[in-house]
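Chemist: Got a structure here, written out as structure tokens. Questions coming.
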Amino acid sequence: MRRSFIKLVFLCGMCLGPLHAQIELSGSADFEVAAGGEDSRFVTNEINNEFRRPHLSIRELNLFLFSEIGGDFFFNARLQWDIWGSGRLNSLRITLASLSWEPEEGQVALSVGRFVNPFGLYPRRQLSSESSFINAPLAYGYFINVSDTRGFWPAAGKAGQYGSEDVGLTMNYFGGYATGALFNWVIIPEGLDLALAVTNAAPASQQDYTNLQNLGATLRLGFQPAIFWQQGISVSHGSFMRREAVNNNFDRLEQYRQTLLGTDIIIAYAYFELSGELLYALWDVPASDKNGFQIGPDGNLQAYRLSNWSAYVDTRFELPFLPGSYVAGRYERMVFDRFTPPPGSSLTATNPWDESLIRYSFALGYRLARPVLLKFAFSEQIYDDRNLKRDDWTMRLLLNVSL
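Residue numbers (mature numbering (1 follows the signal peptide of the UniProt record, and there is no 0)): -21 to -1, 1 to 382.
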């Protein structure tokens, strides 16, 4: 925690020291009462099994910093404490720290550092004050059988604890941020815009890579066909594997990459809003099981190509007779496609390569005051394999206070 604070102070000093700047501070706090089914796990429903029974927690604390440096330059930062993974309040993290150039009369902007991932919709609505629900969508919060140290690993989502063991990756990084450089261009005001980011890794990666061979790129084209309709198309490609003791005998892990395609939509009229995303991922990976990595006759890692997709649709209705209130529903689907093993493969794995599922969610919200939002949410997951009778429902009551 101390190291993170020192880093932020040092970064602020470099950006603000030589200039006269005003610093604006704001923050938010999320207090939560949560419970989950007997089979709850953080990597499947965001509730650690140790805390599946009803309990009160500080879900998240945020401190936001904004400074207009001058000369069309701005600095943004977010300091975050949360219970992600462990169910206990983690150490301080700097999840956002970017220096931006945004000309007042211009249509282009440039940011460097750590910024909101331009891919899709959820990263822009990740804060409790911006989202109708409490859970992240499956594409961002459900960990799958792809590991950043083992590649395709059928045991990735079956056991282990997030943060201390290999539990796989999500399709798109749950934190909603990326590190690198971001270019924004408003081509037609309120009509057409483009965002292009060069990042340090693929969209699924959670690591702070510095190897240039891990570079990734993300492009999003947003357009507004009508005043009530916003649409986006996104594409991203990059490397996601990292070196660890388990794969030290192999070289060029950067050659294994993820390609992510997606589209997002918002249709809003009067008291009603429909929104959602569709994401499709291609994974070029090695593979590993209890017997180790799959090795071809040439002595090299065998290559596998996997694919999966996920989609969610949110509907929200604001009650006109009770200002500040809403009801919302979400339908989600995640599907894993069948794959063709390379010749000579002896991998022990199911095909399709993970368990497809549906999630239903329901939410209620009421703004008690302008800075205070109370939300209730319930979710249930149903797996295509009906033999998987997992008891992993969730129920949450959250109080968000923004200052």
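Built from N, CA and C at the ideal position, the CB exists for glycine as well.
#1: Return the first residue and the last residue of the beta strand (DSSP E) that Phe21 is part of.
#2: Is Gln86 helix, strand or coil when you go by DSSP?
#3: Excluding the 5 residues preceding and the 5 following Asp363 in the sequence, name in chain order all residues of the same chain whose CB lies nearer than 6 Å to its CB.
#4: Using the C-alpha atoms, what's the distance from Met313 back to Phe112?
#5: Could you give the distance in angstroms between the alpha-carbon of Ala88 and the alpha-carbon of Val306?
#6: Output needed for Arg365: all residues of its chain with C-beta closer than 7 Å, excluding positions within five of it in sequence on either side, in chain order.
#7: Going by the beta-carbon positions, is the gap between Trp372 and Gly85 smaller than 8 Å?
#8: For Glu192, does the count of other Cβ atoms within 10 angstroms reach 16, so buried, or fall short, so exposed?
#9: Please work out which residues of its chain come closer than 7 Å, Cβ to Cβ, to Pro97, disregarding the five sequence neighbours upstream and downstream, and give them in chain order.
#10: Given this structure, state the Cα-to-Cα distance separating Thr327 from Arg67, to the nearest angstrom.
#11: Relative to the C-alpha of Pro265, which candidate in Ser325, Tyr235, Leu240 has its C-alpha closest?
#12: So if DSSP puts Thr294 in a beta bridge, which residue, or which two residues, is it bridged to?
#13: Would you report the Cα separation of Asn179 and Ser77, rounded to the nearest angstrom?
#14: In the DSSP assignment, find the beta strand (DSSP E) that holds Leu171 and state where it starts and stops.
#15: DSSP three-state call for Thr329: helix, strand or coil?
#16: Examine the Cβ distances between the region 150 to 166 and the region 203 to 212 and report whether three or more of them are shorter than 8 Å.
#17: Gly344 to Glu25, Cα distance in whole Å?
#18: Given this structure, state the Cα-to-Cα distance separating Leu194 from Ala118, to the nearest angstrom.
#19: Taking its Cβ as the centre, do 16 or more other Cβ atoms sit within 10 Å of Gly49, making it buried, or is it exposed?
#20: Compare the C-alpha of Glu256 against each of Pro322, Arg103, Phe315 and name the closest.
#21: Reducing DSSP to helix, strand and coil, say where Arg104 ends up.
#22: Under three-state DSSP, which class holds Thr373?
#23: Tell me the DSSP bridge mates of Gly271?
#24: When the Cα of Glu39 is compared with those of Asp51, Gly64, Glu47, Val22, which residue comes out closest?
#25: Measuring CB atoms only, is the region 296 to 311 touching the region 141 to 153, in the sense that at least three cross pairs come out at less than 8 Å?
#26: When the Cα atoms are used, what is the spatial distance from Gln105 to Asp243?
#27: What does a CB cutoff of less than 8 Å around Thr149 pick up in its chain, not counting 5 residues either side in sequence?
#28: Could you give the DSSP three-state label for Val225: helix, strand or coil?
#29: Report the option in Gly275, Pro302, Ser254 whose CA atom is closest to the CA atom of Tyr310.
#30: As a quick exercise: from Leu240, Leu44, Gln273, Asn69, pick the residue whose alpha carbon is nearest that of Tyr259.
#31: So what does Gln237 bridge to, in DSSP terms?
Modeler: Considering the structure as presented:
#1: Taking the first residue of the sequence shown as 1, we reach residue 21 at position 42. Where Phe21 is concerned, there is no enclosing beta strand (DSSP E), although the alpha helix (DSSP H) it sits in stretches over 21 to 24.
#2: As a position in the sequence shown, residue 86 is number 107, starting the count at 1. Here Gln86 sits in coil by DSSP.
#3: Position 384 of the sequence shown holds residue 363. Answer for Asp363: Ser335, listed in chain order.
#4: Locating residue 112 in the sequence shown gives position 133, where the first residue counts as 1. Locating residue 313 in the sequence shown gives position 334, where the first residue counts as 1. Distance between the alpha carbons of Phe112 and Met313 is about 18 Å.
#5: Taking the first residue of the sequence shown as position 1, residue 88 is located at position 109. Taking the first residue of the sequence shown as position 1, residue 306 is located at position 327. Going from the Cα of Ala88 to the Cα of Val306 covers about 36 Å.
#6: Here residue 365 corresponds to residue number 386 of the sequence shown, with the count starting at 1. Excluding residues within five positions, none has a Cβ falling inside 7 Å.
#7: The residue given as residue 372 occupies position 393 in the sequence shown. The residue given as residue 85 occupies position 106 in the sequence shown. Using a Cβ distance threshold of 8 Å, Trp372 and Gly85 do not count as a contacting pair.
#8: Translated into the one-based positions of the sequence shown, residue 192 becomes position 213. It should be pointed out that residue 192 corresponds to Gln in this sequence rather than to Glu. Counting Cβ neighbours within 10 Å, Gln192 comes out exposed, since fewer than 16 surround it.
#9: The residue you call residue 97 lines up with position 118 of the sequence shown. Excluding positions up to five away in sequence, the list reads Leu161, Ala174, Ala176, Thr197, Arg199.
#10: The count along the sequence shown starts at 1 and reaches residue 327 at position 348. The count along the sequence shown starts at 1 and reaches residue 67 at position 88. In a straight line, the C-alpha of Thr327 is about 35 Å away from that of Arg67.
#11: As a position in the sequence shown, residue 265 is number 286, starting the count at 1. For the options Ser325, Tyr235, Leu240, the alpha carbon positioned closest to that of Pro265 is the one of Tyr235.
#12: The residue you call residue 294 lines up with position 315 of the sequence shown. For Thr294, which the question treats as bridged, DSSP gives the partners Leu253, Gly308.
#13: Working through the sequence shown from its first residue, we reach residue 179 at position 200. Working through the sequence shown from its first residue, we reach residue 77 at position 98. Rounded to the nearest whole angstrom, the CA to CA distance from Asn179 to Ser77 is 15 Å.
#14: Along the sequence shown, one-based indexing puts residue 171 at 192. Bounds of the beta strand (DSSP E) holding Leu171 are 171 to 178.
#15: Here residue 329 is taken as the residue at index 350 of the sequence shown, counted from 1. Residue state, collapsed to three classes: coil.
#16: Because the criterion of three Cβ pairs below 8 Å is not met, the region 150 to 166 and the region 203 to 212 do not touch.
#17: Indexing the sequence shown from 1 puts residue 344 at position 365. Indexing the sequence shown from 1 puts residue 25 at position 46. If you take the alpha carbons of Gly344 and Glu25, they lie about 20 Å apart.
#18: The sequence position of residue 194 within the sequence shown is 215, counting from 1. The sequence position of residue 118 within the sequence shown is 139, counting from 1. Put simply, the backbone Cα of Leu194 is about 22 Å away from that of Ala118.
#19: Reading the sequence shown from its first residue, position 70 is the one you call residue 49. Residue environment analysis places Gly49 among the exposed positions, since fewer than 16 neighbouring C-beta atoms fall within 10 angstroms of its C-beta.
#20: Numbered from 1 along the sequence shown, position 277 holds the residue referred to as residue 256. The shortest CA-to-CA distance from Glu256 to any of Pro322, Arg103, Phe315 is the one to Arg103.
#21: The sequence position of residue 104 within the sequence shown is 125, counting from 1. Correct three-state label for Arg104: helix.
#22: Counting from one through the sequence shown, the residue named residue 373 turns up at place 394. Residue state, collapsed to three classes: strand.
#23: Translated into the one-based positions of the sequence shown, residue 271 becomes position 292. As a beta-bridge residue in DSSP terms, Gly271 pairs with Asp268.
#24: Looking up residue 39 in the sequence shown gives position 60. Of the listed residues, the one whose Cα sits closest to Glu39 is Gly64.
#25: Counting Cβ pairs under 8 Å, fewer than three are found: no touch.
#26: Indexing the sequence shown from 1 puts residue 105 at position 126. Indexing the sequence shown from 1 puts residue 243 at position 264. Cα-Cα distance, rounded: 15 Å.
#27: For the purposes of this step, residue 149 is identified with residue 170 of the sequence shown, where counting begins at 1. Residues Ala118, Tyr119, Gly120, Tyr121, Phe122, Ile123, Ala183 of the same chain have their beta carbon placed closer than 8 Å to that of Thr149, with the five preceding and five following residues left out of the count.
#28: Mapped onto the sequence shown, residue 225 falls at position 246. Per DSSP, reduced to three states, the secondary structure at Val225 is helical.
#29: Start at 1 with the first residue of the sequence shown, and residue 310 comes out as number 331. The candidate whose alpha carbon is nearest that of Tyr310 is Ser254.
#30: In the sequence shown, residue 259 corresponds to position 280, counting from 1. Closest in alpha carbon position to Tyr259, among Leu240, Leu44, Gln273, Asn69, is Leu240.
#31: Here residue 237 refers to the residue found at position 258 when the sequence shown is read from its first residue. DSSP, once it has assigned bridges, lists Gly217, Trp262 as partnering Gln237.
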